[in-house]
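**Student:** Each residue of the sequence shown is one higher than the last, beginning at 1 in the UniProt record's numbering.
All C-beta atoms, glycine included, are put in the ideal place defined by N, C-alpha and C.
Encoded as structure tokens, here's the structure I'll be asking about.
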Amino acid sequence: MSDIRQQALDYHEFPIPGKTAVCLTKPAQSSHDLALAYSPGVAEPVREIAVDAENAYRYTNKGNTVAVISNGTAILGLGNLGPLASKPVMEGKSLLFKRFANIDSTDIQVKHTTTEAFINTVEAIADTFGGINLEDIKAPECFEIEQELIARCNVPVFHDDQHGTAIVTAAGMLNALEIQGKNIKEAVFVCLGAGAAAIACMTMIVKCGALRENIYMLDRQGVIHTRRENLNQYKALFANNTDKRTLQDVIEGADAFLGLSGANLLTEADIKLMAPNPVIFACSNPDPEIKPELAHQIRDDLIMGTGRSDYPNQVNNVLCFPFIFRGALDVRASVINDEMKLAAVYAIADLAKEPVPDDILAAYPNVTALEFGADYVLPKPMDPRLLVNVAQAVAKAAIDSGVAKINQLPSY
């Protein structure tokens, strides 16, 4: 048993099992406190909410709560291990919600036999919460699940594996391309992987200005092209009208590579074929498509990002999802729309260009300086400015796009 494995198991087991707990926000010391908290006092907010459901935001914790929900069909890089096995991950997301955005989160694991049953379950409990964060649900079911729940629920629904990954990836890619002197409208992209995260990432990059004809997406059968049969509707969006069929065919002359596939699938020979000053985001976890130290040995002109915290330029969803929900909750947004997602992209990208204060550097003992450039295209997760910059940008976009019920910007 490796040291980190034992540390992780001990962390989750001691001093008490799990990573989250419930705390009280009101006094409960006297009989009078209990009379207000429960019977007979609790009847008063019940009556007010029965008259107007919006009063739940005044008298309950609804407005600061998010449910983190999974069926365990795509847990991290481990696959379909079932709902209960996903609980440590969902507890972890709840921990991050609280740590970074002070949002109270409840993890929920759903057993079901059909996609419709999962959708019905989540729809039935959605009004309990201020928002729904879906997690670790395999493609292509995740697309239908999210779309249906957005349509059926009265609170914002967000599949973080799709959109959180896409927002952070797009922010980092915009900055990396800028540093490399490349125009996103002219850049050629190769995306290795065609699951939920890959499709969402490339969709977001298109919304940031990339051209679909400049995107080559690959799944296990090779390049997704217009003459392929039996493509689902989501892959079909990225079917390129090309005679190229292999990774080696499409990587030649490419400006950017995004990997959301598996370990060590990008070779030294592959990256030699890329255009000058390439961008490589190898985001397979825990082992990237190519190790950064190897890539840098082959090319000294590249910008490299991974999903790992022990390399520069970590593409980490925690830069996004707590603050997307913080902004959405604070203006009581009914949905998390494209305008809010794009606002998050640009807020994250812009923050990386600002000087980094010493107190942020202190959180990273092995880092002596951080400055916008090849090794710093994304902010660090411990940067407290993310809360202000991203949440406020998201809240403003919600107001400006007409999906907010509170038309006043929050202050943080």
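For residue 413, does the three-state DSSP call read helix, strand or coil?
**Tutor:** Here the chain has residues from 1 to 412 only, and residue 413 is not among them.
**Student:** Can the beta-carbon of Pro156 be found closer than 8 angstroms to that of Ser31?
**Tutor:** Not in contact: Pro156 and Ser31 (Cβ atoms no closer than 8 angstroms).
**Student:** Kindly list the residues whose CB is nearer than 7 angstroms to the CB of Asp301, restricted to its own chain and excluding five residues on each side of it in sequence; keep chain order.
**Tutor:** So the list reads Pro276 and Asn277, once near-sequence residues are dropped.
**Student:** Which runs of the alpha helix (DSSP H) fall wholly inside the segment 122-168 and span at least 4 residues, in chain order?
**Tutor:** With a minimum length of 4 residues, the continuous alpha helix (DSSP H) runs that stay inside the segment 122-168 are 141-152.
**Student:** Take every Cβ of the segment 38-50, pair it with every Cβ of the segment 94-112, and state whether three or more of those distances are shorter than 8 angstroms.
**Tutor:** Judged by Cβ distances under 8 angstroms, the segment 38-50 makes no contact with the segment 94-112, as fewer than three pairs qualify.
**Student:** Consult DSSP for residue 413 and reduce its assignment to one of helix, strand or coil.
**Tutor:** Nothing in the structure corresponds to residue 413, since the chain is present only between 1 and 412.
**Student:** How would you call Leu24, buried or exposed, if buried means at least 16 neighbouring beta carbons within 10 angstroms?
**Tutor:** Per the 10 Å Cβ criterion, exposed.
**Student:** Would you list the residues sitting across from Thr65 in a DSSP beta bridge?
**Tutor:** Asp104, per the DSSP bridge assignment.
**Student:** Quick check: the Cα distance between Ala404 and Val89, rounded to an integer number of angstroms?
**Tutor:** Computed Cα separation, rounded: 30 angstroms.
**Student:** Under the rule that 16 or more other beta-carbon atoms within 10 Å means buried, what is Lys272, buried or exposed?
**Tutor:** With fewer than 16 Cβ atoms within 10 Å of its Cβ, Lys272 is classed as exposed.
**Student:** May I have the straight-line CA-CA distance separating His163 from Gly195, to the nearest angstrom?
**Tutor:** Each residue's alpha carbon lies about 12 angstroms from the other.
**Student:** Ignore the nearest five residues each way along the sequence and tell me which others in Asn285's own chain have a CB closer than 6 angstroms to its CB.
**Tutor:** For Asn285, where only same-chain residues beyond five positions count, the Cβ hits under 6 angstroms are Gly77 and Gly307.
**Student:** Following the continuous beta strand (DSSP E) through Ala50, name the residue where it begins and the one where it ends.
**Tutor:** It is not in any beta strand (DSSP E) - Ala50 instead sits in the alpha helix (DSSP H) that spans Ala43 to Val51.
**Student:** Look at Ala344 and Ala393 and say whether their C-beta atoms are less than 8 angstroms apart.
**Tutor:** Taking 8 angstroms as the Cβ cut-off, Ala344 and Ala393 qualify as a contacting pair.
**Student:** When DSSP labels each residue in this structure, what does Met304 get in the three-state scheme?
**Tutor:** If DSSP states are grouped into helix, strand and coil, Met304 belongs with the strands.
**Student:** Below 8 angstroms on the Cβ atoms is my guess for Ile303 versus Glu268; work out the distance and round it to an integer in Å.
**Tutor:** Incorrect: roughly 17 angstroms between the Cβ atoms, too far for contact.
**Student:** Let me know the alpha helix (DSSP H) ranges lying completely inside the segment 185-249, each 4 residues or longer, listed in chain order.
**Tutor:** Fully enclosed alpha helix (DSSP H) runs of 4 or longer: 196-207 and 233-236.
**Student:** What separation, rounded to the nearest whole angstrom, lies between the Cα atoms of Ile406 and Tyr412?
**Tutor:** If you take the alpha carbons of Ile406 and Tyr412, they lie about 16 angstroms apart.
**Student:** What is the residue span of the alpha helix (DSSP H) that Ile348 lies within?
**Tutor:** Where Ile348 is concerned, the enclosing alpha helix (DSSP H) stretches over Asp338 to Leu351.
**Student:** Exposed or buried, what is residue 421 when buried is set at 16 or more other beta-carbons lying within 10 Å of its beta-carbon?
**Tutor:** Because residue 421 is not part of the residues shown, which for the chain are 1 to 412, the question remains open.
**Student:** In the DSSP assignment, what are the bridge partners of Gly79?
**Tutor:** Per DSSP, Ile75.
**Student:** Which residues bound the beta strand (DSSP E) around Ala282?
**Tutor:** Segment Val279 to Ala282, the beta strand (DSSP E) holding Ala282.
**Student:** Along the beta strand (DSSP E) that carries Leu258, what are the first and last residues, could you check?
**Tutor:** Unbroken beta strand (DSSP E) run through Leu258: Ala256 to Gly259.
**Student:** Specify, as a first and last residue, the run of the alpha helix (DSSP H) that Asp359 falls within.
**Tutor:** That run of the alpha helix (DSSP H) goes Asp358 to Leu361.
**Student:** Does DSSP put Ser70 in a helix, a strand or coil?
**Tutor:** Ser70: strand per DSSP, three-state reduction.
**Student:** In the DSSP output, which residue or residues are listed as bridge partners for Gly253?
**Tutor:** The partner list for Gly253 (beta bridge, DSSP) is empty, contrary to what the question assumes.
**Student:** With DSSP as the reference, label Ala263 as helix, strand or coil.
**Tutor:** Of the three classes helix, strand and coil, the one that applies to Ala263 here is coil, per DSSP.
**Student:** Three-state secondary structure (DSSP) at Tyr376?
**Tutor:** Tyr376: strand per DSSP, three-state reduction.
**Student:** Strictly under 8 angstroms for the Cβ-Cβ distance: is Asp300 near chain D by that measure?
**Tutor:** Here there is only one protein chain, and chain D is not present.
**Student:** Mark Asn264 as exposed unless 16 or more other C-beta atoms lie within 10 angstroms of its C-beta, in which case mark it buried.
**Tutor:** That one is exposed.
**Student:** Give me the DSSP bridge partner(s) of Gln109.
**Tutor:** Gln109 is bridged to Ser70.
**Student:** Could you check if Met1 is buried or exposed, using at least 16 other CB atoms within 10 Å of its CB as the buried criterion?
**Tutor:** With a pLDDT of only 48 at Met1, under 50, the local geometry of the prediction cannot be trusted, and the value read off the model is given with reservation. By the 10 Å Cβ count, Met1 comes out exposed.
**Student:** From Ala397 to Glu339, what distance separates their C-alpha atoms?
**Tutor:** About 6 angstroms.
**Student:** Measuring CB to CB, does Gly72 end up less than 8 angstroms from Gly82?
**Tutor:** A contact, by the Cβ cut-off of 8 angstroms.
**Student:** Where do the N-terminal and C-terminal ends of the alpha helix (DSSP H) with Asn389 fall, by residue?
**Tutor:** Per DSSP, Asn389 belongs to the alpha helix (DSSP H) from Arg385 to Asp400.
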